[in-house]
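A short write-up of the structure that comes next.
Residue numbers (my numbering): 67 to 292.
This is the structure:
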């Protein structure tokens, strides 16, 4: 059984405050109290730890090269568990750096199959003959247009320039998933320079069900209402 716990690292250095929530993955047998040693889980925990340390180093570097004196920076990480079963996990960590009125955020996904002893990549979720990048871009564009139409003072002509070529999406794109959604995050300014917030595009599995691989249907989506 996979268990995901939280470890909090909180301290202040110079003008930087750290609120670092670290997911810790453990394995134990059902009805057992003690965690068991698992090489793959230890490796994943190490990857997560190194990603968090790298983020903290970047925050310190940005503070050291800043031209603004005594600027206060809040550096924080939050994580959410999208999916967890006996053999599969999908979780996401959001890395945020808040300096004054600016919030720069990005997200990383961690998707693993312990039975197959591998990292789950985006193409694993789709049939081999499917151009899943094109399929996903179509749904992202729909959500982007809806998002812009909600903004006050948006320029309607701008919506006509949003097309597949303007969406930076490839096989290596960061993602995570739940039982119902495939979630594709885009960092601050990645979609548009005026959008500073982290964006997450949630694509329902029931909308792309016929494109999904047998692996995704049997192991992740399972029973779903079309």
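We treat Cβ as the ideally placed atom computed from N, Cα and C, and that holds for glycine.
Burial is judged here by how many other beta carbons sit within 10 angstroms of a residue's own beta carbon; residue 179 has at least 16 and is buried.
Residue pairing by DSSP places residue 146 opposite 158 in a beta bridge. Judged by DSSP secondary structure, residue 124 falls within the alpha helix (DSSP H) whose first and last residues are 105-130. For residue 208, the number of other beta carbons within 10 angstroms of its own is below 16, and it is reported as exposed. By the criterion of a C-beta distance shorter than 7 Å, residue 73 is surrounded in its chain by 88 and 90, once the five residues flanking it on both sides are discounted. With fewer than 16 other CB atoms across the displayed protein chains lying within 10 angstroms of its CB, residue 212 is exposed. Contact fails between the segment 189-207 and the segment 113-129, because fewer than three Cβ pairs, one in each stretch, are under 8 Å apart. Here residue 156 is buried: its Cβ has 16 or more other Cβ atoms, across all protein chains shown, within 10 Å. Under the three-state reduction of DSSP output, residue 190 falls in the helix class.
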